[in-house]
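Using our numbering, you'd call the opening residue of the sequence shown number -18 and step up by one each time. Every residue gets a Cβ at the ideal spot worked out from N, C-alpha and C, and that includes glycine. Quick notes on the structure that follows.
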Amino acid sequence: MFAVKRALKLNNNEANLMARHAGFRRVVFNFGLSLRTQMYSEGKFTDSKVINEVKKVLTNYVKKKPEFGWMNQLSSRVYQNALIDLKDAFSRYRSGKAGHPRFASRRDGQSFTVDSSSGKVLLSAGNTIKIPTLGTFRLYEALECGYVSQTFTISKEGSRWFVSFCVDAERLPVQQSQASVGIDVGIKYAATLSNQQVFDAPKPLKQAKTKLATLQRQASKQVKGSQNQGKTYNKIGRLHARIACIRLDFLHKLTTYLAKKFKRILIEDLNIKGMMANHKLAGAISDLGFYEFKRQLDYKCKMYGAALVLVDKWFPSSKTCSNCGNKKDMPLSVRTFDCPACGRYLDRDLNASLNILNWEPSA
Ligand SMILES: [Zn+2]
């Protein structure tokens, strides 16, 4: 069993709907917790008994009061699941795995769970997801195949809402069409594959980075501590967040593609090239994104049943001729590998990716 998680592409109304449900979950959880504490002081009750009582009070009394009428506009599955959470929190507390349940606050993060009361639902492949009792929402990254699941957790991380659900399978049913691939994570291009495919960073990422450089220059010329400089810094902060989002989307799409396409994927263990490169030159994966790239590729390979091979970080993939094995110096500015020994002449990154593909661990 494993979890599938996707960022939701919500408009303001939809995001507002999610926030209201998260608030609903918090109110129910806290109401249940305080009622339970009262009942506990009145005598011994089992957790199930307490939850049933809380449910009765909520359904027959609270939800009927006009000031709580808003609850009836929201998914009743939220409150069922909030009470299940409360019950779990108490069993964890009793088994010594956690402290006494605390009141939920907005600061702990916003999340809630809904499920389909009529059993598992089929989710179709594509750019949208139909979440039981909530509706259909757009996704940033498509569901690549149909899934069957019952329980869905919606949570907010940063400024984004995510949906996650568990899939009951050993691994995702994917049959990779290609055998092996070596990947050179580059500076000029995000990734060069040994089969000659090249992945470039998305245009919006490049545009955002150019804009960022402009703003940073602007801020440096403004009066220190002035209101205008403050405004520029705010813009810079927002742009940083946007760049992180675009990069994450790009990495997710790339790693999903790779893990589904190739049975065996070879990458270098450490992106030394990216670390040495001038920061301005660094591409989508080079600057800070390499660890995220490796992390995603690792779990997606496990998910889809592909093998990820990490090539020794000291392996001179750029300096070696992929044809004859001759080694020569290759400064970062040299874009082509021109072998004096065998005459092979090819793109620098492609040469590196072929070496990575053919790498074998030394005994
Ligand atoms: Zn050669």
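ask   = From A0, F84, F71 and K46, pick the residue whose C-alpha is nearest to that of S15; which is it?
value = Along the sequence shown, read from residue 1 onward, the residue named residue 15 stands at position 34. For the residues A0, F84, F71 and K46, the minimum Cα distance to S15 belongs to F84.
inquiry  = Which residue wins for smallest C-alpha separation from F296, given the options Y280, L338 and A182?
reply    = For the purposes of this step, residue 296 is taken as residue 315 along the sequence shown, with counting starting at 1. Closest option to F296, Cα to Cα, is L338.
inquiry  = Tell me whether R329, by its Cβ, gets closer than 7 angstroms to a heavy atom of ligand 1.
reply    = Within the sequence shown, residue 329 is the residue found at index 348, counting from 1. Outside the cutoff, so no.
inquiry  = My parser needs the alpha helix (DSSP H) runs of 4 or more residues fully inside the stretch 268 to 311; what are they?
reply    = If only complete runs of 4 or more residues are kept, the stretch 268 to 311 shows the alpha helix (DSSP H) at 271 to 285, in order along the chain.
message = Is any non-hydrogen atom of ligand 3 found closer than 7 angstroms to the C-beta of C305, if you look at the structure I gave you?
response = Ligand 3 is not part of the structure shown, which contains ligand 1 as its ligands.
request  = Return the residue from the list T195, I227 and V148 that minimises the CA-CA distance to M284.
outcome  = Looking up residue 284 in the sequence shown gives position 303. Looking at the Cα atoms, V148 is the closest of the given residues.
key: Three-pair Cβ contact test at 8 angstroms for the stretch 213 to 228 versus the stretch 97 to 108   = Judged by Cβ distances under 8 angstroms, the stretch 213 to 228 makes no contact with the stretch 97 to 108, as fewer than three pairs qualify.
query = Smallest Cα separation from N33: which of V59, I65 and F318?
reply = For the purposes of this step, residue 33 is taken as the residue at position 52 of the sequence shown. The candidate whose alpha carbon is nearest that of N33 is I65.
ask   = Roughly how many whole angstroms lie between the Cα atoms of F231 and Q19?
value = As a first step, residue 231 is located in the sequence shown; it is residue number 250 there, counting from the start. As a first step, residue 19 is located in the sequence shown; it is residue number 38 there, counting from the start. Straight-line spacing of the CA atoms in F231 and Q19 works out to 51 angstroms.
message = If distances are taken between C-alpha atoms only, which option among V292, R119, M(-1) and V155 comes closest to V162?
response = Mapped onto the sequence shown, residue 162 falls at position 181. Closest by C-alpha distance to V162, out of V292, R119, M(-1) and V155, is V292.
query = Could you give the distance in angstroms between the alpha-carbon of R329 and the alpha-carbon of I227?
reply = In the sequence shown, residue 329 corresponds to position 348, counting from 1. In the sequence shown, residue 227 corresponds to position 246, counting from 1. If I take the Cα positions, the gap works out to 27 angstroms.
query = If we call anything under 8 angstroms between Cβ atoms a contact, is S334 one with I164?
reply = Numbered from its first residue, the sequence shown carries residue 334 at position 353. Numbered from its first residue, the sequence shown carries residue 164 at position 183. Taking 8 angstroms as the Cβ cut-off, S334 and I164 qualify as a contacting pair.
ask   = Going straight from the alpha carbon of L262 to that of K184, what length do you get?
value = As a first step, residue 262 must be located in the sequence shown, where it is residue number 281. As a first step, residue 184 must be located in the sequence shown, where it is residue number 203. For L262, the predicted structure reports a pLDDT of 48, less than 50, and the residue's modelled location is therefore unreliable. A value from the coordinates is still provided. Near 15 angstroms, if we compare the C-alpha coordinates of K184 and L262.
ask   = Between which two residues does the alpha helix (DSSP H) containing T173 stretch?
value = As a working note, residue 173 is residue 192 in the sequence shown. First-last for T173: A172 to L174, but that is the beta strand (DSSP E), not the alpha helix (DSSP H).
query = Taking Cβ to Cβ, would you say T237 is nearer than 8 angstroms to K281?
reply = Here residue 237 corresponds to residue number 256 of the sequence shown, with the count starting at 1. Here residue 281 corresponds to residue number 300 of the sequence shown, with the count starting at 1. Taking C-beta atoms as the reference points, T237 and K281 count as a pair closer than 8 angstroms.
Limits of the beta strand (DSSP E) - the one that K(-14) falls within = For the purposes of this step, residue -14 is identified with residue 5 of the sequence shown, where counting begins at 1. K(-14): member of the beta strand (DSSP E) spanning F(-17) to K(-10), first to last residue.
inquiry  = Given 7 angstroms as the limit, tell me if C302 has its C-beta closer than that to any heavy atom belonging to ligand 1.
reply    = Walking along the sequence shown from the start, residue 302 turns up at place 321. Ligand 1 approaches C302 closely enough that one of its heavy atoms is under 7 angstroms from the residue's Cβ.
task = Put V35 into one of helix, strand or coil per three-state DSSP.
result = Stepping through the sequence shown from its first residue, residue 35 is reached at position 54. Three-state DSSP puts V35 in a helix.
request  = Identify whether N(-3) lies in helix, strand or coil by the three-state DSSP scheme.
outcome  = Here residue -3 refers to the residue found at position 16 when the sequence shown is read from its first residue. Correct three-state label for N(-3): helix.
task = Give the straight-line distance between the Cα atoms of S343 and I246, rounded to the nearest whole angstrom.
result = Here the question's residue 343 lines up with position 362 in the sequence shown. Here the question's residue 246 lines up with position 265 in the sequence shown. Distance between the alpha carbons of S343 and I246 is about 18 angstroms.
key: Residue span of the alpha helix (DSSP H) that contains V46, given as start and end   = In the sequence shown, the residue the question calls residue 46 occupies position 65. Val is not the amino acid found at residue 46; the sequence shown has Lys there. Unbroken run through K46: none, as it is neither H nor E.
message = Since D28 and S72 should fall inside the 8 angstroms C-beta cutoff, what is the C-beta to C-beta distance between them, to a whole number of angstroms?
response = Translated into positions along the sequence shown, residue 28 becomes position 47. Translated into positions along the sequence shown, residue 72 becomes position 91. At roughly 7 angstroms, the Cβ-Cβ gap stays under 8 angstroms, so D28 and S72 are in contact.
task = Check whether the stretch 108 to 116 touches the stretch 33 to 53, taking contact to mean three or more Cβ pairs, one atom from each stretch, closer than 8 angstroms.
result = At 8 angstroms Cβ cutoff, the stretches do not touch.
request  = For the beta strand (DSSP E) holding K111, just list the boundary residues, first then last.
outcome  = Taking the sequence shown and counting its residues from 1, one reaches residue 111 at position 130. Here the beta strand (DSSP E) through K111 covers G107 to I112.
request  = Determine which residues share a DSSP beta bridge with C147 and list them.
outcome  = Position 166 of the sequence shown, counted from the first residue, corresponds to residue 147. As computed with DSSP, C147 is found in a beta bridge with A(-16).
One or two residues paired with S92 in a DSSP bridge = Numbered from 1 along the sequence shown, position 111 holds the residue referred to as residue 92. Per the DSSP secondary-structure output, S92 pairs in a beta bridge with S136.
task = Return the residue from the list R88, V155 and L67 that minimises the CA-CA distance to A79.
result = Against the sequence shown, residue 79 aligns to sequence position 98. The option with the nearest alpha carbon to A79 is L67.
key: Distance between E138 and R(-13) (C-alpha atoms, nearest Å)   = Position 6 of the sequence shown, counted from the start, is the residue given in the question as residue -13. Position 157 of the sequence shown, counted from the start, is the residue given in the question as residue 138. Their Cα atoms are separated by approximately 12 angstroms.
task = Output yes or no for whether 8 angstroms exceeds the beta carbon distance between V95 and V59.
result = Looking up residue 95 in the sequence shown gives position 114. Looking up residue 59 in the sequence shown gives position 78. Yes, they are a contact pair.
request  = Taking L103 as part of the beta strand (DSSP E), name the residues at either end of that continuous run.
outcome  = On the sequence shown, residue 103 is found 122 positions in, with the first residue counted as 1. For L103, the enclosing beta strand (DSSP E) starts and ends at V102 to L104.
key: Spatial distance of F271 from T132 (CA atoms)   = Numbered from its first residue, the sequence shown carries residue 271 at position 290. Numbered from its first residue, the sequence shown carries residue 132 at position 151. In a straight line, the C-alpha of F271 is about 33 angstroms away from that of T132.
inquiry  = As a quick exercise: from V290, A(-4), F(-17) and K(-10), pick the residue whose alpha carbon is nearest that of Y121.
reply    = Here residue 121 refers to the residue found at position 140 when the sequence shown is read from its first residue. Of the candidates V290, A(-4), F(-17) and K(-10), the one whose C-alpha sits nearest the C-alpha of Y121 is K(-10).
request  = Put D250 into one of helix, strand or coil per three-state DSSP.
outcome  = If you number the sequence shown from 1, residue 250 lands on position 269. Coil at D250, not helix or strand.
query = Between R385 and ligand 1, is the CB less than 7 angstroms from at least one heavy atom?
reply = An answer regarding residue 385 cannot be provided, because it is not within the stretch -18 to 344 covered by the chain.
task = Going by DSSP, name the residue or residues bridged to W142.
result = Looking up residue 142 in the sequence shown gives position 161. The bridge partners DSSP lists for W142 are K137.
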